[in-house]
Structure formats: structure tokens, C-alpha cells
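S.K.:
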Amino acid sequence: MSTTRFIVVLALSLTTCATFAQVFPAQSVRPTYATGGADQTNVPKLEHFDANLVDKALDPCDDFYKYSCSKWMTANPIPADQVYWSTGSGLELWNEGVLRDTLEAASKNEASRSAVQQKIGDYWAACMDESGIEAAGLKPLQSELARVAALKSKKDITLEIAHLQHTFPGAWQPGDNESSSALFGFTGQQDYDNASMVVAQIDQAGLSLPNRDYYLNTDDKSKEILTKYRAHLQKMFVLVGESESQGAGDAGTVIELETALAKAQMDNVKRRDPKNVNNKMSLAQIRTLAPSIDWDGYLKAVRAPASDHYIVTSPDFFRAEEKLLNDHPLEHWQTYLRWQVIHRAAPYLTKAIVDENFDFFAHTLAGAEKQRPRWRRCVAAADRDLGDALGQAYVDRAFSPESKARTIEMVHSIEAALNSDIQSLSWMSAATKEQANVKLKQIEDKIGYPSRWRDYSTVKIARDSYLNNVAQATSFEFERWVAKIGKPVDRAEWTMTPPTINAYYDPQLNTINFPAGILQPPYFDSAKDDAVNFGAIGMIIGHEIIHGFDDQGRKFDAKGNLRDWWTADDAKQYDERGKCISNEYTQPVPDAGEGVKQNGLLTQGEDTADNGGIRLALAALEASLKKQGKSLDDKGDDGWTYRQRFFLSNAYSWCANVRPQIARLIVTTDPHSMPVFRINNVISNMSEFGQAFNCKAGQKMVRANACRVW
Ligand SMILES: [Zn+2]
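Residue 900 in my numbering sits at position 521 of the sequence shown, with consecutive numbering throughout.
1. List the residues that DSSP assigns as beta-bridge partners of Val1176.
2. Does any heavy atom of ligand 1 sit closer than 7 Å to the C-beta of Glu985?
3. Pick out whichever of Lys783, Leu636, Ser491 has its Cα sitting closest to the Cα of Ala561.
4. Taking Asn889 and Ile822 to be in contact with their CB atoms under 8 Å, please state how far apart those CB atoms are, rounded to whole angstroms.
5. DSSP three-state label for Ala996, please.
6. So, helix, strand or coil for Asp1013, using DSSP?
7. Indicate the three-state DSSP secondary structure (helix, strand or coil) for Val648 in the structure shown.
8. Tell whether a beta-carbon distance below 8 Å holds between Val462 and Gly746.
9. Judging by CA-CA distance, which residue of Ser491, Ile864, Tyr902, Ala1042 is the nearest neighbour of Pro967?
10. Whole angstroms are fine: how far does the CA of Ala579 sit from the CA of Asp570?
11. Tell me whether the segment 787-796 and the segment 494-509 touch, counting them as touching only if at least three CB pairs, one residue from each stretch, are closer than 8 Å.
12. What residue range does the alpha helix (DSSP H) around Lys825 cover?
13. Taking only the alpha-carbon atoms, compute the straight-line gap between His427 and Gly917 and give it to the nearest angstrom.
14. In angstroms, rounded to a whole number, what distance separates the CA positions of Ala999 and Gly992?
15. With distances taken Cα to Cα, identify the nearest neighbour of Val1037 among Asp441, Asp460, Lys424.
16. Candidates Glu700, Ser830, Asp646, Leu425: which alpha carbon is nearest Leu668's?
17. From the DSSP output, which residues share a beta bridge with Phe935?
18. Helix, strand or coil: how does DSSP classify Tyr902 here?
19. Does the Cβ of Thr363 have 16 or more other Cβ atoms within 10 Å, making it buried, or fewer, making it exposed?
20. Quick one: measure Cβ to Cβ for Asn590 and Thr1047, integer angstroms, because I've assumed they're closer than 8 Å.
21. So who's on the other strand from Tyr340, going by DSSP bridges?
22. May I ask you to check if the CB of Ala485 is nearer than 7 Å to at least one heavy atom of ligand 1?
23. Among all the DSSP beta bridges, which residues are the ones paired with Ile581?
24. Excluding sequence positions up to five away, which residues of its chain have a Cβ less than 7 Å from the Cβ of Arg479?
25. Buried or exposed: which applies to Glu513, given that a residue is buried once 16 or more other Cβ atoms fall within 10 Å of its Cβ?
26. In chain order, what are the residue ranges of uninterrupted alpha helix (DSSP H) at least 4 long that sit wholly in the segment 734-796?
27. Would you report the Cα separation of Ala627 and Ala772, rounded to the nearest angstrom?
28. Quick check on the DSSP output: the beta strand (DSSP E) that includes Phe428 runs from which residue to which?
29. Rounded to the nearest angstrom, how far is the Cβ of Thr595 from that of Ala641, given a contact under 8 Å?
30. CB Pro867 to CB Gly932, shorter than 8 Å?
31. Can the beta-carbon of Ala584 be found less than 8 Å from the beta-carbon of Gly939?
32. If we count the other Cβ atoms within 10 Å of its Cβ and call it buried at 16 or more, is Ala906 buried or exposed?
33. Is His926 close to ligand 1? I mean its beta-carbon at under 7 Å from any heavy atom of the ligand.
34. Identify whether Asn892 lies in helix, strand or coil by the three-state DSSP scheme.
35. In terms of DSSP beta bridges, what is Met336 paired with?
36. Would you call Asp948 buried or exposed, if buried means 16 or more other Cβ atoms sit within 10 Å of its Cβ?
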């Protein structure tokens, strides 16, 4: 499935919902700037904010990120198996440690196990059984390859797509912005114009590299990556039994087809505007759009309920795909599908295949020097496939009712800060202010974990086949989303598992969602005072709330309908302010290599959320201090003012070391800015920061042309 669901994640680590399987879950276009300790002998360690970690030899008004982070960065180099290492990395390992304990305890093959323990325990046992996987060799793959070899006509291709979507993850993960399914993605999607109903959505797809730029860019670095991808394709074909020359020819066919699909795709800046993807069609129109795809056979195969209409995210993509299906013989498509099978199954097969998959997707593309230990890969896969079952155990152990209550209190005070902010805006008319407040009041705050746990009773998990367990869970999840078509929207749905270190705003549900996994140090620290917590998790809460009012979120109303509630003049005023942000963030990214620039149009929503979110958090802190009879400029026990501690804690929560390869990938594919910009750009737009550290006009952290939307 796949979808352009406009969920806006925080992407601290770009986990996106379990986007961490392999360092690069080969099956997912979402990278994993994953984090966490290097190997299992490391003792999990949570990082706690300490204001004395700053480098006092530096000037905070010159480079606040360096001032706050350079000591931490020097003391915390990136472990060999990681591509991104941040102050949240200790938390990730700690969370995984909790899950691992749960999985190991459940894996003891005892009759007293509950049904849920049997599933998570046997899933874990099968994943960790490397010798069993080695002994099975290519056997688990044979029936899949035989299916592709047996295709008789191009019409059969469609049914094979349906089968792959039922078998291998990556067709779609909740929250993903792009499908990495073969040829096209399909899922149930909340209707843009009637937020109470789910309709069918058909999305562009078909690539194996992170996005279309990797095929189409012509700079030397891009060409080098494509050459290495070709070599990887050949090696993988050889590993499943092809000759060197056949492997080379097949690699060429795959690259030719994927490049053509990349050319046909809508780019990720255009996809950010919901109007561009909300193309409604009838089934008859879809049949005409791409007659070579057997739509009726497909919908029957995936048991899709009748849909009021179909959203086709990118009609031009399907026009081009139709031509491609006609121009290329069946054998080319069989090669493409054979690659899809090998590629998607790779993480679950023998060491030689896992290693080669790592070598290209994690080493070459992301910069990892070695693989994460097996146990961490198995924890990530279990979280992806049986997340709610594992999540219950995580919540029991790691998320207290007190933490939940304090978080909710913070959320309410930050929402109150936005309410005051809206009232005080000089550029917005009373009519639009009223609508904005209606929307703000209706935001649903989901904190920690879902109100109802998913029932996995129909998912069959056995101890003897890892690949088969993955297929069982994939099929369950794919069908669960397809079954929503034609039904009222389930507003209780979460698209992140409870241990996830991330958060999101969903404009179509008008909800903010904070999994228990991020409500831990260094983001939320129950042992710390308000200044520290508002600086870290408070800013993140503000960020998610602002997403409801960024350049994308503002196009949806309180109920989640794509409806314009702005006066024309207010919209114009908004766009001018948004342009200030997108211009500011279109800037060089030295970490990613010479000449690489961030695209401020791609990151505009996230940057707007950072820009406004931190202001809301600071205002909420001020209100909280006031209740205690204190002010922002009072000093705490450690000699820093609360205002200073707020900014220091905020910067600390984003400190990260980043490999150049992943920096390049972030710039190309990720709507989030690099960590250094998430601090320095944000604070240099704020006079409150200059006030905190006595910065003067003309210093780097005092921007002459400061941007502000909210
Ligand atoms: Zn965000």
C-alpha cells in the first residue's frame, strides 16, 4: 500500500514507525539514521541534560549549536554500526533493551505462555536463529522466484504485485510519504474532502533507491552511487544463482526500468501540496488511465471493499507506466519482479545476502561501517511487525501514570500559548483567527499509547521461518489498511508504536501523537525542572501543534477536511512569512559535501514548526514560572537563568554527529532540516535568544532579517 498520508513526523532519528529494521531497511525508502549503542556489551545509558556540558571557551552568539554540543560531539563519536549518533541514541538503545528483555522472556518455549507471548517469543526465536536461516539457504525464496518465472502474460504482473504487497514489508508503512511498493502502491486513505470516510488510494511507486533524485541527478557523486547500485544488483542476482553475465544484463534491465519510473514520478516538493495528489477518479477512469494494469483482478486479489471514488496521487505517473508496460517485453518485467523479490526478502535470508544488502544500502548509501548486532535488527523487526503486542510490555515498564499526567499538563499549557499567540497576531484578520481557534480547540492529544491494543490473533507466527513470519505480519497489516476502505475513519488509530522515539501530527485526524518512547530522557525527564523539559519535549510538543498550522496543515480544517478557511489576504500574508522561512533554509550543507544545498521548499513545513514550536514552549514556560512566582530571568541553582537553561536544553536534545552519506540522504529525501539548522536557524530568528545570552546586532546568532510565522 502506500499513500501520501500527510502525517508529519518529528523525525528525530527518522525512525518513522519502525523505520529502523536494517540500518537501512532495504524494503523501505525511509532511512534510518538509526541510533543506539554499538553492540550488546554496551550498558544502555540514558542521557540527562547537564548545563555544564557547554563549551565556555566558545561564544554562544557566534554558533550556539557548537557552544551547546561540541563537547558532547567530541565525547560521542559515531559507533561503526551507526550513521547518525545523537543525545537520543542512548534512549534508543535503552528502549530496545526493554523490548529485548520482553522478547527473550517470551521466547522460552513453555506451555504456560499466553497467545501474545507465543507470537512475540517465536518471532524473536526465528529471527535470532541464524544457523537455522543459514541451513535453509535459498529455500524460503524458491517458491517466490518460481511464481515470477511462471508469469504467462503482462496481465499476470498485476496479481504478482498484489502478492508482493501481502508478503514483504515496504509496500507501505503508516506515516510514510512515499510507497516503495513495486509498480504502484495501494491502501485505504482518509478522504481529503470528507474526513469521516476512508477511500482507496493508488500511489506512484516502483523504486528501490531512496527517491527519484538518486536516478536522475547527474553530478559525479550521484553517478558514482548509481554505478555502485548496478554492481550491487549484479551481485545479488549472482547470489541467487545467476551467472555473472546474466546478472550484469539483469542489473541493466532493472536500472533502465527504475530510472524510467523515477522520471515519471511527481517530485517530493510537489507532493507536499495535498491539492496536487487529491485526484479523484472512478474505477472506469482508472481502467482507461492504465489499461495494461488488471485493476479488477487486483482489487479482487487484495479483497478491496468498494470505494466511493479512488484517489490517484499522480495520474501522469500511471500514464508513463502504461507506456512502459507496453514498450517492454514480459521478460524485462519478470527481471524487475525477480529483483523486487530478492531485494525485499534480503534482510531475512542468509548471511551472504544480508551482508551484500548491508554493503550497498547501509554502507554505501548511508555510511555505516558495520552492521548493527543481530539482536537490535530483530528488536526493530518485531516492533514493526507486532508493535502493539510489544508496546504493552514497554508501557508497563517504562511509562508511569505520573509521566503521562505531567506531559498532558505541558501539552495543555502549550496549546494555551498558541491560543494567546493567535489572538496577538497583527497580520491575521479576526475571521481567520476565529477559524484557527476552532481548529486549535479540536486538536486531540494522544499521549503514550493507544486507547485500544491491536488484536493479532489471526497472525500465525512459528519458530521455524523468519521470512514466513514477516510475510504473515505484512499480510495482516496490508489487509488491515485495505479493509478500512468504504468505512468510517477510526480516529483512535496510531501510526507509531509505543516505544518509538518520535512524534507526529496528523492533519486529517487533527491529532498530535506522542508515543511513550519519546517521553523519556533527554526529551522528557521526570527528574528535571520545567525549564529543561519545556526546552526539550516542550519544543517538540509545540512543533507538532504548529504542524496543524504550517503551509501544509493550514489547508486542512478542524475536522481534517481539505478546506480553505483563510481569507485571501490572510493567506497572502501567511505565504510571505512562509517564503521568508523557505528562503532562509535554502542554504549550503557543508556536512553533506561541497555544493550540496538544502531545499527550503521541501523543509518549509518542518522549519515553520520549529520556528513556532519553540516560541510556544518558551511562552508556556514563562506562564508556568509565573505561577510559581518566578520569571524567565531568575537564576536557578546552577547559576544559569531559566531562559538560558531553556535554550541550552533545547540545543542539547538535538546534538548529533552525522556521517556525510546520511547528511546527503537527508538533504535529498527528508523534509526535516539538519540538526545544526534546527538550532542555529531557529534561535537566530528569536530576539528572546539574544536577550538570554546578551547577543548584539551583527553577531551570527542575531539574524537581521528574522523570520516568524506563528
Ligand atoms: Zn515535524
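We put the beta carbon where it would ideally sit given N, CA and C, even for glycine.
From a predicted model like this one, the values you see are computed outputs, not experimental measurements.
M.R.: In short:
1. Past the boundaries of the shown model lies residue 1176; the chain is included only from 380 to 1089, so the question cannot be answered.
2. Locating residue 985 in the sequence shown gives position 606, where the first residue counts as 1. Judged by the Cβ position, Glu985 qualifies as a neighbour of ligand 1 at the 7 Å threshold, a heavy atom of the ligand being closer than this.
3. For the purposes of this step, residue 561 is identified with residue 182 of the sequence shown, where counting begins at 1. The residue with the shortest Cα to Cα distance from Ala561 is Leu636.
4. Translated into positions along the sequence shown, residue 889 becomes position 510. Translated into positions along the sequence shown, residue 822 becomes position 443. 6 Å between Cβ atoms; contact.
5. In the sequence shown, the residue the question calls residue 996 occupies position 617. Helix.
6. By 1-based counting over the sequence shown, the position of residue 1013 is 634. It is coil, neither helix nor strand.
7. Position 269 of the sequence shown, counting from 1, holds the residue named residue 648. In the structure shown, Val648 sits in coil (DSSP, three-state: anything other than H, G, I, E or B).
8. Residue numbering aside, residue 462 sits at position 83 when the sequence shown is read from its first letter. Residue numbering aside, residue 746 sits at position 367 when the sequence shown is read from its first letter. Yes, Cβ-Cβ distance for Val462 and Gly746 is below 8 Å.
9. Position 588 of the sequence shown, counting from 1, holds the residue named residue 967. The shortest Cα separation from Pro967 among Ser491, Ile864, Tyr902, Ala1042 belongs to Ala1042.
10. As a first step, residue 570 must be located in the sequence shown, where it is residue number 191. As a first step, residue 579 must be located in the sequence shown, where it is residue number 200. One alpha carbon belongs to Asp570, the other to Ala579, and they sit about 8 Å apart.
11. In this structure the segment 787-796 does not touch the segment 494-509; the number of beta carbon pairs closer than 8 Å is below three.
12. Sequence index remark: in the sequence shown, residue 825 carries index 446 (1-based). Taken as a continuous stretch (DSSP letters only), Lys825 belongs to no alpha helix (DSSP H), being part of the beta strand (DSSP E) at 823-827.
13. Mapped onto the sequence shown, residue 427 falls at position 48. Mapped onto the sequence shown, residue 917 falls at position 538. If I take the Cα positions, the gap works out to 16 Å.
14. Residue mapping note: residue 999 aligns to position 620 of the sequence shown, counting from 1. Residue mapping note: residue 992 aligns to position 613 of the sequence shown, counting from 1. Note on geometry: alpha-carbon atoms of Ala999 and Gly992 lie some 11 Å from one another.
15. To locate residue 1037, count along the sequence shown from 1; it is residue 658. It is Asp460 whose Cα lies nearest to the Cα of Val1037.
16. Residue mapping note: residue 668 aligns to position 289 of the sequence shown, counting from 1. That would be Glu700, whose Cα lies nearest to the Cα of Leu668.
17. Along the sequence shown, one-based indexing puts residue 935 at 556. In DSSP, Phe935 forms a bridge with Leu941.
18. The residue you call residue 902 lines up with position 523 of the sequence shown. Tyr902: coil per DSSP, three-state reduction.
19. Here the chain covers residues 380 to 1089 and nothing more, so residue 363 does not appear.
20. Here the question's residue 590 lines up with position 211 in the sequence shown. Here the question's residue 1047 lines up with position 668 in the sequence shown. The pair is a contact, with the Cβ atoms about 6 Å apart (cut-off 8 Å).
21. Lying outside 380 to 1089, the shown extent of the chain, residue 340 is not represented and no answer is given.
22. In the sequence shown, the residue the question calls residue 485 occupies position 106. No, since every heavy atom of ligand 1 falls outside the 7 Å radius drawn around the Cβ of Ala485.
23. Your numbering for residue 581 matches position 202 in the sequence shown. DSSP lists Phe565, Val691 as partners of Ile581.
24. Start at 1 with the first residue of the sequence shown, and residue 479 comes out as number 100. Only Trp754, Val758 meet the Cβ criterion.
25. In the sequence shown, the residue the question calls residue 513 occupies position 134. Around the C-beta of Glu513, fewer than 16 other C-beta atoms lie within 10 Å, and the residue is accordingly described as exposed.
26. 753-764, 766-777
27. On the sequence shown, position 248 is the one that residue 627 refers to. On the sequence shown, position 393 is the one that residue 772 refers to. Those two C-alpha atoms are separated by around 48 Å.
28. For the purposes of this step, residue 428 is taken as residue 49 along the sequence shown, with counting starting at 1. Looking at the DSSP string, Phe428 is not in any beta strand (DSSP E), and its letter there is neither H nor E.
29. Start at 1 with the first residue of the sequence shown, and residue 595 comes out as number 216. Start at 1 with the first residue of the sequence shown, and residue 641 comes out as number 262. Contrary to the premise, residue 595 reads as Leu rather than Thr in this sequence. Right, their Cβ atoms sit about 6 Å apart.
30. The count along the sequence shown starts at 1 and reaches residue 867 at position 488. The count along the sequence shown starts at 1 and reaches residue 932 at position 553. The answer is no: Cβ separation not under 8 Å.
31. Here residue 584 refers to the residue found at position 205 when the sequence shown is read from its first residue. Here residue 939 refers to the residue found at position 560 when the sequence shown is read from its first residue. Result no, Cβ atoms of Ala584 and Gly939 do not sit closer than 8 Å.
32. Within the sequence shown, the letter at position 527 stands for residue 906. It is exposed - the Cβ of Ala906 has fewer than 16 other Cβ atoms within 10 Å.
33. Within the sequence shown, the letter at position 547 stands for residue 926. Yes, since a heavy atom of ligand 1 falls inside the 7 Å radius drawn around the Cβ of His926.
34. To locate residue 892, count along the sequence shown from 1; it is residue 513. Strand, per DSSP.
35. The chain is shown from 380 up to 1089; residue 336 falls before or after that span and cannot be answered.
36. Numbered from 1 along the sequence shown, position 569 holds the residue referred to as residue 948. So Asp948 counts as exposed.
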